[in-house]
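Beneath this line is the structure, given in structure tokens, with notes to follow.
2 protein chains.
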Amino acid sequence: MHILILGGGGFLGKRLAKELLENEVFTSSEPIDITLVDIGFPPDMLQDARLECIQADLSDEAAMKDILQRPPEVIFHLAAIVSGEAEKNLDLGMKINFHASLQLLELCRKLAIHPRIVFASSCAVFGGDVSKVITDETGPKPRSSYGTQKAMVELLMNDYSRRGIVDARSLRLPTIAVRPGKPNAATSSFISSIIREPLHGKKASYPVPVETAFWIQSPKRIMQNFIHAANLDAALLGADRVINLPGLTVTVKEMIDMLAQITSSEVTKLISYEPDAFLQSIVLTWPAHFTTKRATTLGFVSDASVKEIIQAYIEEEGITYI
Amino acid sequence: MHILILGGGGFLGKRLAKELLENEVFTSSEPIDITLVDIGFPPDMLQDARLECIQADLSDEAAMKDILQRPPEVIFHLAAIVSGEAEKNLDLGMKINFHASLQLLELCRKLAIHPRIVFASSCAVFGGDVSKVITDETGPKPRSSYGTQKAMVELLMNDYSRRGIVDARSLRLPTIAVRPGKPNAATSSFISSIIREPLHGKKASYPVPVETAFWIQSPKRIMQNFIHAANLDAALLGADRVINLPGLTVTVKEMIDMLAQITSSEVTKLISYEPDAFLQSIVLTWPAHFTTKRATTLGFVSDASVKEIIQAYIEEEGITYI
Ligand SMILES: NC(=O)c1ccc[n+]([C@@H]2O[C@H](COP(=O)([O-])OP(=O)(O)OC[C@H]3O[C@@H](n4cnc5c(N)ncnc54)[C@H](O)[C@@H]3O)[C@@H](O)[C@H]2O)c1
Ligand SMILES: NC(=O)c1ccc[n+]([C@@H]2O[C@H](COP(=O)([O-])OP(=O)(O)OC[C@H]3O[C@@H](n4cnc5c(N)ncnc54)[C@H](O)[C@@H]3O)[C@@H](O)[C@H]2O)c1
Chain F
1 MHILILGGGG
11 FLGKRLAKEL
21 LENEVFTSSE
31 PIDITLVDIG
41 FPPDMLQDAR
51 LECIQADLSD
61 EAAMKDILQR
71 PPEVIFHLAA
81 IVSGEAEKNL
91 DLGMKINFHA
101 SLQLLELCRK
111 LAIHPRIVFA
121 SSCAVFGGDV
131 SKVITDETGP
141 KPRSSYGTQK
151 AMVELLMNDY
161 SRRGIVDARS
171 LRLPTIAVRP
181 GKPNAATSSF
191 ISSIIREPLH
201 GKKASYPVPV
211 ETAFWIQSPK
221 RIMQNFIHAA
231 NLDAALLGAD
241 RVINLPGLTV
251 TVKEMIDMLA
261 QITSSEVTKL
271 ISYEPDAFLQ
281 SIVLTWPAHF
291 TTKRATTLGF
301 VSDASVKEII
311 QAYIEEEGIT
321 YI
Chain A
1001 MHILILGGGG
1011 FLGKRLAKEL
1021 LENEVFTSSE
1031 PIDITLVDIG
1041 FPPDMLQDAR
1051 LECIQADLSD
1061 EAAMKDILQR
1071 PPEVIFHLAA
1081 IVSGEAEKNL
1091 DLGMKINFHA
1101 SLQLLELCRK
1111 LAIHPRIVFA
1121 SSCAVFGGDV
1131 SKVITDETGP
1141 KPRSSYGTQK
1151 AMVELLMNDY
1161 SRRGIVDARS
1171 LRLPTIAVRP
1181 GKPNAATSSF
1191 ISSIIREPLH
1201 GKKASYPVPV
1211 ETAFWIQSPK
1221 RIMQNFIHAA
1231 NLDAALLGAD
1241 RVINLPGLTV
1251 TVKEMIDMLA
1261 QITSSEVTKL
1271 ISYEPDAFLQ
1281 SIVLTWPAHF
1291 TTKRATTLGF
1301 VSDASVKEII
1311 QAYIEEEGIT
1321 YI
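Residue numbers (my numbering), protein chains in the order written: chain F, 1 to 322; chain A, 1001 to 1322.
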């Protein structure tokens, strides 16, 4: 079973490859082999005989055509220009997040097989009145170019699935926390930073009022949901391939309070409020209240509590704190 | 005041030009002049000193750049590959309905002014469970490539408006009835045919069960709504530039019964049921029940009754029947 992970050098892509190799979690009983595609790979990429890393640009048609010569049964499409960058550079966001995704679908159209695609969309397709509860029927109203591009690709994924060209599943990911590593250009980066940085003895700040609520999910649950999506029977999905993943609603204050409770107020002293107009203009349009009946019925999972999320991060990273 | 009508040789474009020239209906007191762009114009195009017809393809970048040299204050973007054709030819639909629309926005990005755009979207962005009532919050779930392409352009229109590149208003048009002239490649074509053809002594058929309901609007109201959209203050619209127009819910049976009542059962004898699997696969996914609170609050109008719609058509066309 041949699996392709686009954006496989990124945070979620790397972790997904590791998970798949460790657990061989596919309903198909065939042995798996994985091809990761990314413009660059971190030096600590995992090594495995079943794993191949190809440095290529998703927008490079010839390179992608070449990669698809050996047609994958499953494609995880995680390559993206993140929200902050896509907002600052409309051309780049459109090129990678939109056009390269369309090109991928067009290349699949020429294949003899019709690969299953798990597309990493985002709850950033929603925007506007954040007090409203988002349901499975609510229309995307993005307030960022990133969200716009993700919403357009979801529409394409549905239409190309309807036409039998691919068999797609677009997952609208909640904000992921706690993301290990360094802060990045995602406008949601601080949501992880306020937990991660103080645990490493570093300062962190949040740019929005402390009462602001977010819709989050841990990397561990995201992995389970990616794999569940890839294994799901198309008949259960029907015509609509877009799924709002079940997250957890939590405020900045609740995260900080929980961190203090698990560690100490010495740790959370490192966190401060630093308002940022650019970040607020995007982040404050993200709704944090959802009912995700469809996802739950389909068997997608969520975290039990913020406590569990923070403790899992501490454990995974092997952090010891005073 | 310079007005551009893309798809100006089409049914709605031609009628809009006539309406604008006759009534000078803009809030701006400047005299108007209109440029129509289309790949072709009918021989009976109206002649007027204030009107210019340019034969050009919307997807021709050089031609469009040239046309935008004299920047328009208002663009009515009505050029499209209709639903039936876009379903049969994915490439052509994507090229004209999607890529050419994106290119238009990109060309506007290079202009010094930020034109108002009235984009003719469609209620065909909705699909699925047709028993549900569509509200202003309901997400598009197109079941056709045409609907998919329209929904993607709506997203672009919103994002490019948010960025201040254009000042767009995307109107989701109900099915238009009664459309004069000949049947066309729109999958909704029969909805007009069953009224129009018998009035001209010709046979007509409908491909769906007679109880099937539709969401319709007359050409006259569409004109009023196009012009209202172009005159609307951007501040009243806010971030969301997409509007579900207020139509009328009516079944095939109700249309035929009303035609018989206005004329005679001799006329409606010409109408028959001819099931068509292709048309059913698209048309039966269109919802017919809406609440359009936002549109009504914003001052958009609907028809009073099917009776009024049929009578207006008879009057406009100067039809006499036995
Ligand atoms: N992390 C989150 O909170 C979150 C939330 C919602 C959605 N998502 C989506 O999940 C996916 C993965 O996110 P992540 O957190 O791992 O981000 P990431 O930035 O770590 O990974 C994305 C990867 O895509 C690669 N990439 C970018 N442009 C490319 C190109 N032209 N060709 C090939 N590869 C390219 C990057 O190099 C990067 O390694 C993305 O699509 C993202 O939009 C993430
Ligand atoms: N009539 C309806 O029931 C209905 C319903 C919903 C939406 N709409 C939308 O309203 C708009 C106008 O509809 P209409 O009924 O007048 O259709 P129409 O087909 O009569 O007009 C569309 C015009 O666009 C032109 N066109 C097509 N490709 C072009 C290109 N590449 N460059 C330039 N011009 C091109 C066609 O030649 C045609 O004259 C369309 O965008 C349509 O999708 C119509």
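Where a beta carbon is used, it is the ideal one built from N, C-alpha and C, also for glycine.
Nearer than 8 Å: is that true of the beta carbon of residue i relative to any heavy atom of ligand 1?
{"i": "residue 188 (chain F)", "result": "yes"}
{"i": "residue 11 (chain F)", "result": "yes"}
{"i": "residue 174 (chain F)", "result": "yes"}
{"i": "residue 122 (chain F)", "result": "yes"}
{"i": "residue 79 (chain F)", "result": "yes"}
{"i": "residue 96 (chain F)", "result": "yes"}
{"i": "residue 146 (chain F)", "result": "yes"}
{"i": "residue 100 (chain F)", "result": "yes"}
Does any heavy atom of ligand 2 sit closer than 8 Å to the C-beta of residue i?
{"i": "residue 191 (chain F)", "result": "no"}
{"i": "residue 1049 (chain A)", "result": "no"}
{"i": "residue 1129 (chain A)", "result": "no"}
{"i": "residue 1053 (chain A)", "result": "no"}
{"i": "residue 1062 (chain A)", "result": "no"}
{"i": "residue 1184 (chain A)", "result": "yes"}
{"i": "residue 160 (chain F)", "result": "no"}
Looking at the C-beta of residue i, does it have a partner C-beta in chain A at a distance below 9 Å?
{"i": "residue 293 (chain F)", "result": "no"}
{"i": "residue 152 (chain F)", "result": "yes"}
{"i": "residue 140 (chain F)", "result": "yes"}
{"i": "residue 145 (chain F)", "result": "yes"}
{"i": "residue 159 (chain F)", "result": "yes"}
{"i": "residue 132 (chain F)", "result": "yes"}
{"i": "residue 156 (chain F)", "result": "yes"}
Would you please verify whether the beta carbon of residue i is less than 9 Å from any beta carbon of chain F?
{"i": "residue 1100 (chain A)", "result": "no"}
{"i": "residue 1164 (chain A)", "result": "no"}
{"i": "residue 1137 (chain A)", "result": "yes"}
{"i": "residue 1110 (chain A)", "result": "no"}
{"i": "residue 1175 (chain A)", "result": "no"}
{"i": "residue 1239 (chain A)", "result": "yes"}
{"i": "residue 1128 (chain A)", "result": "yes"}
{"i": "residue 1148 (chain A)", "result": "yes"}
{"i": "residue 1171 (chain A)", "result": "no"}
{"i": "residue 1104 (chain A)", "result": "no"}
If you count every other CB in all the chains shown that lies within 10 Å of the CB of residue i, and 16 or more means buried, which is it?
{"i": "residue 1214 (chain A)", "result": "buried"}
{"i": "residue 14 (chain F)", "result": "buried"}
{"i": "residue 1300 (chain A)", "result": "buried"}
{"i": "residue 1050 (chain A)", "result": "exposed"}
{"i": "residue 10 (chain F)", "result": "buried"}
{"i": "residue 1303 (chain A)", "result": "buried"}
{"i": "residue 1233 (chain A)", "result": "exposed"}
{"i": "residue 297 (chain F)", "result": "exposed"}
{"i": "residue 201 (chain F)", "result": "exposed"}
{"i": "residue 242 (chain F)", "result": "buried"}
{"i": "residue 1265 (chain A)", "result": "exposed"}
{"i": "residue 1023 (chain A)", "result": "exposed"}
{"i": "residue 1273 (chain A)", "result": "exposed"}
{"i": "residue 1236 (chain A)", "result": "exposed"}
{"i": "residue 1079 (chain A)", "result": "buried"}
{"i": "residue 292 (chain F)", "result": "buried"}
{"i": "residue 1181 (chain A)", "result": "exposed"}
{"i": "residue 1062 (chain A)", "result": "exposed"}
{"i": "residue 187 (chain F)", "result": "buried"}
{"i": "residue 315 (chain F)", "result": "exposed"}
CB of residue i to nearest heavy atom of ligand 3: below 8 Å?
{"i": "residue 1201 (chain A)", "result": "Ligand 3 is absent from the structure shown, which contains only ligand 1 and ligand 2."}
Taking only runs of the beta strand (DSSP E) that begin and end inside the stretch 1142-1230 of chain A, which ones reach a length of at least 3 residues, in chain order? 1167-1173, 1204-1206, 1213-1217
I'd like to know if the stretch 172-184 of chain F and the stretch 1148-1163 of chain A are in contact, where contact means that at least 3 CB-CB pairs between them fall below 8 Å. no
Tell me the start and end of each unbroken beta strand (DSSP E) in the stretch 1102-1148 of chain A that is at least 3 residues and wholly inside, in chain order. 1116-1122
Counting only runs that start and end within the stretch 250-312 of chain F, where is the beta strand (DSSP E) found for 3 or more residues in a row? 271-273
Taking one C-beta from the stretch 1119-1126 of chain A and one from the stretch 1148-1156 of chain A each time, how about it: are there three or more such pairs within less than 8 Å? yes
Determine contact between the stretch 129-137 of chain F and the stretch 81-90 of chain F, defined as no fewer than three beta-carbon pairs at a distance below 8 Å. no
Stretch pair the stretch 1220-1231 of chain A + the stretch 1021-1040 of chain A: three plus CB contacts closer than 8 Å: yes
Please go through the stretch 1013-1075 of chain A and give each complete beta strand (DSSP E) segment of 3 or more residues, from N-terminal end onward. 1033-1038, 1051-1055
Does the stretch 1243-1250 of chain A touch the stretch 1039-1054 of chain A, meaning 3 or more C-beta pairs lie closer than 8 Å? no
For the 8 Å Cβ check, are there 3 or more pairs between the stretch 2-9 of chain F and the stretch 215-227 of chain F? no
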